[in-house]
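There are 2 protein chains.
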Amino acid sequence: MKLADLGKRLLVGRKLRSTQLHETLLPKRVALPVFASDALSSVAYAPDEIFITLSFAGMAAYAFSWKIGIAVGFVMLVVVASYRQNVQAYQSGGGDYEVATVNLGKSAGLTVASALLVDYVLTVAVSISSAAQYVATAIGPLRGHETTIAVVATLLVMTVNLRGIKESGVAFAVPTYLFMFAILGMAAWGFIRYFFGDLPAAETAELQVAPEAQYEQGFTGLLAGFLILRTFASGCAALTGVEAISNGVPAFRKPKGKNAATTLLLLGTIAVAMGLAINVLGNIMGVRMAEDPATQLIRPDGTPVGEEYHQAPVISQLSQGIFDHFPIGFFIVAAVTGLILVLAANTAFNGFPVLGSILARDGYLPRQLHTRGDRLAFSNGIFLLAGFAILLIVAFNAEVTRLIQLYIVGVFVSFTISQTGMIRHWTRLLRTEQDGAKRRHMQRSRIINSVGLATTSTVLIVVLITKFIHGAWIAIAAMVGLFLLMRGIRRHYDRVAAEIAVEEGEEFTLPSRVHSVVLVSKLHRPALRALAFARAARPNVLEAVTVDVEPEETRRLVDEWDRRGVPVPLKVLASPYREISRPILEYVRSIRRGSPRDVVMVYIPEYVVGRWWEQVLHNQSALRLKGRLLFTPNVMVTSVPYQLQSSEIAKRRQERDNGDRRLANRPVAKLRGPRK
Amino acid sequence: MKLADLGKRLLVGRKLRSTQLHETLLPKRVALPVFASDALSSVAYAPDEIFITLSFAGMAAYAFSWKIGIAVGFVMLVVVASYRQNVQAYQSGGGDYEVATVNLGKSAGLTVASALLVDYVLTVAVSISSAAQYVATAIGPLRGHETTIAVVATLLVMTVNLRGIKESGVAFAVPTYLFMFAILGMAAWGFIRYFFGDLPAAETAELQVAPEAQYEQGFTGLLAGFLILRTFASGCAALTGVEAISNGVPAFRKPKGKNAATTLLLLGTIAVAMGLAINVLGNIMGVRMAEDPATQLIRPDGTPVGEEYHQAPVISQLSQGIFDHFPIGFFIVAAVTGLILVLAANTAFNGFPVLGSILARDGYLPRQLHTRGDRLAFSNGIFLLAGFAILLIVAFNAEVTRLIQLYIVGVFVSFTISQTGMIRHWTRLLRTEQDGAKRRHMQRSRIINSVGLATTSTVLIVVLITKFIHGAWIAIAAMVGLFLLMRGIRRHYDRVAAEIAVEEGEEFTLPSRVHSVVLVSKLHRPALRALAFARAARPNVLEAVTVDVEPEETRRLVDEWDRRGVPVPLKVLASPYREISRPILEYVRSIRRGSPRDVVMVYIPEYVVGRWWEQVLHNQSALRLKGRLLFTPNVMVTSVPYQLQSSEIAKRRQERDNGDRRLANRPVAKLRGPRK
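Chains as they are written, first to last, in UniProt numbering: chain A, 1 to 676; chain B, 1 to 676.
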């Protein structure tokens, strides 16, 4: 095994068989960290956004921060309650896409799918950018390199996911639990110190926040209301990721629906507790943050902090104060927070390829996305997701506050459509259900989903109004674009399927004769092999054809042909314009005109080479010719490969990739019937 | 005809037949402008470089400018005399490449070829950058946009050359003659005014040139000598293009050699006359130029001219003074000079593709470069040349003085090697020649070429010493790179040719049987057509094969197969890893193992679509599979195309491209023998 292969094996692991798929199912204790990390990790940036958005109006507005936190927590619990209904009713992993498609039709489903795909990309971009921020806060020399850190981290998560679901689940469980303990422990210790009057203020507490001009008259009226709504909308970033579980139900152990619902409730409770704790502690300790800290944050002496200032996230500021007597605690909190954010990105890497594969199965995306790769993970989808996320990270310089403006809108679009679908679902079931207990249960579920719809649609409107010009339009444009693209792809596949469908009783008449043409340029081994193979097939007519581009060479070929007595007639086509393809095309067409019921078989000798640059040096004319021949009806094109020695390189590479597996088990042989 | 096609027709013109090639031969009066424009146009920048390089030492050094001009003129005449021998001895268009290969061996030939290829690119870059400078001088608002102008001009010349040689010759004759008359007329008028004491000074005559620190002690000793040599080397840019005729001999009318030699003498004389006239007039009128005019040129009040200053080329400065009473003359001179420079680039567009094609014929470059395009011009070479020239123009901001540092070294490498080759040529001929008159003629020629060798090798050494660190190293590195690349390509082709050569008496044994396998995924029309075609070919064994990726779909396929009673057995291959290619590959290999003397023919139904994006949505698995099957010996791969309706789009496009020509004459039909 070469070093490169060893590396690949270490990174990507052994291949998995389809029958091993059940082994990748997750128990609740593993599913929680895998699917909850997205929702939980939001507390790493959602509270920050509340403080930052309020800072436009100066410190007076900070008084609203905990009220907004409670509002966000309320929405979270409503959404969790609603989705507990979803996961029990729809367990196939189609999630909101399935709920919307089944209950509201294809367009609704496709709208949800577009929203979710965009949001998966944003989850990766936001989470990993935030992680980079934590890393840069903890390790001073890395400040200013957030974009690079984020790109590298994205590539790492991508690699891990190419390994497959199960390994990622296990590998990611420990840090998620560590994160919960770290944050809740820090909060508990903070509150204890607060009650004993021992809690120090945050480092930023001494700073003043300069309000923007329009708020200098005070924080009242319409302006204040709008800013509070905008802050609330930013805070709702905490809700992203809740829907992840509904797309991941098939990965749960049985009973899948119930286990997923339990996990959802657990994660909702923990997330709300952590978010509120951070919010309240931030207020108590006097945390100050701003969108543009360099000018907005003012030192006690009246000077702005300047470009040098690095703004630490809320959690880092809290842990620095709470653990002032235990500085290692600060680093532990930063480390596990950075890690959980990377794991949150992992949630998207679990969800995106599954959704992409379902969409590909339904004909909305190219079929390749439905093909499982080596590791049963949907490699193509994983590559796409990582690519787009890196694009966003680079475009927005890994700045969380700017990326978050694009976020949320997609989640709430799918929340809203999904809840509407669920209400329809229950209404439809209630139409036929007779059993009283079941009816009551369904009615209760319908009420829960209705409250969910009311809440999420309200939030969606707030998000649209307050964030549209700040970046949400980009996300919306991407969704509309994806929607149109996927609808177009589906229409294309439908059109093709209709075109190639066989009607009942339809038969293809067999061509009466086969007319074979072997293309020859020189009398070398590839040509002789093609002639031998063509003769072995015993066609009705067999002839060799050459194009007279250089008269000198043609004469040499004809002479050698005669001298060697090749038992196939050679026809020379004139090419006054020195082209190769056209004379052959016209000749083939003339055969077809002469006997329309014949099928023409064109044999092309091809060099098979092992290195990419050798491709440039060979077969170029053959490739062009083949592409054009295929447009002529009743013509087949046969490549007769001649393997040059260098092709061994590529062949060995292929075989090495399969090697160890082929030794371990030979599944193909087992299932193959006896050959005649 | 669609608008786009009309546009193509207008730009690229009608296609030409091989037999029309003789019509593109050039009479001397057309050949002179086509091939001389390069050498003649050098006077648009070579005198400038003399003044600019001398300016390092301040105005004291200007006294040497006309002496250096005379030295350059002398070298020019020696080179012209030498090349008159070349063009008569070697008339195939291989030029220096042929002379070096025949007389000094393949490596020498390849060295010359590398040098020439690099210099063709530089000719385009330098000439067009200089043209852009003239345009910007004449039209104020365009100043600062020289790079854009140059890139656009390169693209225009490229388009003209895709039309073919003859049209360019005729179209370019008029402006070249205009240029000669304009420059010589301006010079004559200038001298007349000078003799009548009426010649005004140049606008820059009032400026002082600040010498660099090292020359402040005066212009003497080693330093001065070195600068004079460097100036001489820059001035030798005037010689570039002389060799163009030797690569263009086949384009002359008969007697080709004599006509080419006459044209060469004519152009040498005119070029020297123009160059010296400009040099002398520049001295008389007190032209001042500098490499960095903003700081080096000092106003009478002692302040530098500053960044705003636009340095006009010598010819523009002269014409402004000489035609001060006739301002339209200034614009005419600028216009024809700009034009001739663009035509000079055209010389490279004539030479580069021919040389590339010769190299491709000899196996040093990919064979595609040997294929003539629609217009008998070597389209691929034209595209390559334009691409590299644009790269240089952009990289050097179209600054002539910086580009010129890379120039010349290549020309003199090929001059020197070519003259060495010519001496060998005459020595070899003299060994066998008996006729006294012919011997004397050859001896005279050998002396001329020896003087040429002595001169050009001296200049080459001077150029290497004085310009290496200023940019010549880039050109040298490019030449070495090209040399290695071309040698590598040749070795590859040689290796392949040896591998596929048929030995005397070697026969390919016919495979005993044909085992056909039709790949099927669904029972649609493409599959039925492939089955019908495969049955028509009556193989010894015929079976259909499907891969069981989705058990559900496989069951449906098997059911329908039975229901419709398809007369071909269907074999289902297990695919525990959900792959498509591997099970098929392993199955094909198992057939081969079972009966090694059989040949296996794999039929793949393929969709033929008309739009590029449809390709992404179809045939992806087929493409991958085909690529991998070709590595297996004794396997043929047959594409059975199914033309979807959209393929009509591409077919119509193909036919439209041929349309008018196919109506005019049907050459293929004429030469085709009667069909059986």
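Note that the Cβ used here is the ideal one computed from N, Cα and C, for glycine as well.
Item checked: Every unbroken beta strand (DSSP E) within the region 493-574 of chain B, with a cutoff of 3 residues, ordered by chain -> Complete beta strand (DSSP E) runs here, min 3: 514-519, 541-548, 570-574.
Notebook entry, point to check: Under 8 Å between C-beta atoms, does Tyr364(B) make it to chain A?
Noted result: Tyr364(B) does not count as touching chain A.
Item checked: Residues of its chain near Val157(A), where Cβ-Cβ distance is below 7 Å and the 5 sequence neighbours each way are ignored -> Cβ neighbours of Val157(A) within its own chain (closer than 7 Å, five residues either side excluded): Val342, Ala345, Asn346, Phe349.
Margin query: Using a 10 Å radius around the Cβ and a threshold of 16 neighbouring Cβ atoms, would you call Leu485(A) buried or exposed?
Written below: Around the Cβ of Leu485(A), a 10 Å sphere holds fewer than 16 other Cβ atoms; the residue is exposed.
Checklist line | Thr455(A), DSSP secondary structure in three states | finding: Helix.
Item checked: CB contact flag (Asp38(A), Thr240(A), <8 Å) -> In contact: Asp38(A) and Thr240(A) (Cβ atoms closer than 8 Å).
Check: Anyone know if the C-beta pair for residue 678(B) and Leu297(B) falls short of 8 Å?
Finding: Look at the range of chain B in this structure, 1 to 676, and you will see that residue 678(B) is not part of it.
Checklist line | Enclosing alpha helix (DSSP H) for Ile128(B) [first to last residue] | finding: 106-138 is the span of the alpha helix (DSSP H), which, as asked, contains Ile128(B).
Check: In chain order, what residues of the same chain have a beta carbon less than 7 Å from the beta carbon of Val609(B), not counting five sequence neighbours either side?
Finding: Closer than 7 Å at Cβ, skipping near neighbours: Gln615, His618, Leu644, Ser646, Ser647.
Note to self: Taking the beta carbon of Phe330(B) as the centre, do at least 16 other beta carbons fall within 10 Å, making it buried, or is it exposed?
What the structure shows: Flag for Phe330(B) reads buried.
Checklist line | Minimum Cβ-Cβ distance from Tyr120(A) to chain B less than 8 Å | finding: At least 8 Å separates the CB of Tyr120(A) from every CB of chain B.
Checklist line | Distance CB(Pro526(B))-CB(Pro605(B)) smaller than 8 Å | finding: Yes, they are a contact pair.
Check: Under a three-way DSSP split, which group does residue 677(A) fall into?
Finding: Residue coverage of chain A in this structure runs from 1 to 676, which leaves residue 677(A) outside it and unanswerable.
Notebook entry, point to check: Using the beta-carbon of each residue, which ones in chain B are nearer than 8 Å to Val336(A)?
Noted result: One finds nothing in chain B with a Cβ atom closer than 8 Å to the Cβ of Val336(A); even the nearest lies about 37 Å away.
Item checked: Distance between Thr546(B) and Phe396(A) (C-alpha atoms, nearest Å) -> If you take the alpha carbons of Phe396(A) and Thr546(B), they lie about 48 Å apart.
Next item on the list: Starting from the beta carbon of Phe508(B), find every residue of chain A whose beta carbon is closer than 9 Å, and list them in chain order.
Entry: Neighbours of Phe508(B) in chain A, taken as residues at a C-beta separation under 9 Å, are given in chain order as Arg525, Leu528, Arg529, Leu531, Ala532, Phe533.
Next item on the list: Provide the residue(s) that pair with Pro605(A) in DSSP beta bridges, ordered along the chain.
Entry: DSSP output for Pro605(A) lists Val640(A) as bridge partner(s).
Item checked: Interface positions of the region 74-98 of chain B facing chain A (Cβ-Cβ less than 7 Å), listed along the chain -> Taking a C-beta cut-off of 7 Å against chain A, none of the residues of the region 74-98 of chain B qualify.
Check: Buried or exposed: which applies to Ala497(B), given that a residue is buried once 16 or more other Cβ atoms fall within 10 Å of its Cβ?
Finding: Classification for Ala497(B): exposed.
Check: Taking the alpha helix (DSSP H) that Asp48(A) falls in, what are its first and last residues?
Finding: For Asp48(A), the enclosing alpha helix (DSSP H) begins and ends at 46-54.
Notebook entry, point to check: Could you give the C-beta distance for Pro641(B) and Met601(B), rounded to a whole number, given that I count them as a contact under 8 Å?
Noted result: Contact doesn't hold; Cβ gap of about 16 Å is too wide.
Checklist line | Buried/exposed call for Val549(A), threshold 16 Cβ in 10 Å | finding: The residue is buried, with at least 16 neighbouring Cβ atoms inside 10 Å.
Margin query: With H, G and I counted as helix, E and B as strand and the rest as coil, what does DSSP make of Phe196(B)?
Written below: Secondary structure of Phe196(B) (DSSP, three-state): coil.
Note to self: With a threshold of 8 Å between beta carbons, is Thr347(B) in contact with chain A?
What the structure shows: No, no contact with chain A.
Next item on the list: Could you pull the start and end residues of the alpha helix (DSSP H) that Arg593(B) belongs to?
Entry: Its alpha helix (DSSP H) spans residues 581-594.
Check: Would you report the Cα separation of Ile476(B) and Glu586(A), rounded to the nearest angstrom?
Finding: Answer to the nearest angstrom: the Cα atoms are 48 Å apart.
Margin query: Please state the DSSP three-state secondary structure of Ile298(A).
Written below: Of the three classes helix, strand and coil, the one that applies to Ile298(A) here is strand, per DSSP.
Notebook entry, point to check: Taking the alpha helix (DSSP H) that Tyr83(A) falls in, what are its first and last residues?
Noted result: Looking at the DSSP string, the run of the alpha helix (DSSP H) that includes Tyr83(A) is 65-89.
Checklist line | Contact with chain B by Leu554(A), beta-carbon distance below 8 Å | finding: It should be noted that the sequence gives Thr, not Leu, for residue 554(A). Answer no: the Cβ-Cβ gap between Thr554(A) and chain B never drops below 8 Å.
Item checked: Inter-stretch contact at 8 Å, needing at least 3 Cβ pairs: the region 200-212 of chain B / the region 63-71 of chain B -> Taking 8 Å as the limit for Cβ pairs, the verdict is that the region 63-71 of chain B does not touch the region 200-212 of chain B.
Check: Measuring CB to CB, does Phe252(B) end up less than 8 Å from Ala31(B)?
Finding: Yes, Cβ-Cβ distance for Phe252(B) and Ala31(B) is below 8 Å.
Check: Enumerated in chain order, which unbroken segments of the beta strand (DSSP E) with a length of 3 residues or greater are wholly contained in the region 286-372 of chain A?
Finding: Runs of the beta strand (DSSP E) inside the region 286-372 of chain A: none found.
Note to self: Taking the straight line between their C-alpha atoms, what separation do you get for Gly436(A) and Gln443(A)?
What the structure shows: Straight through space, the alpha carbons of Gln443(A) and Gly436(A) are spaced by roughly 10 Å.
Checklist line | Leu26(A) - DSSP class collapsed to helix/strand/coil | finding: Looking at Leu26(A) - three-state DSSP - the assignment turns out to be strand.
Item checked: Distance, Tyr407(B) Cα to Ile315(B) Cα -> Whole-angstrom Cα-Cα distance: 21 Å.
Next item on the list: Would you kindly report the start and end of the unbroken alpha helix (DSSP H) that includes Leu156(A)?
Entry: That run of the alpha helix (DSSP H) goes 146-162.
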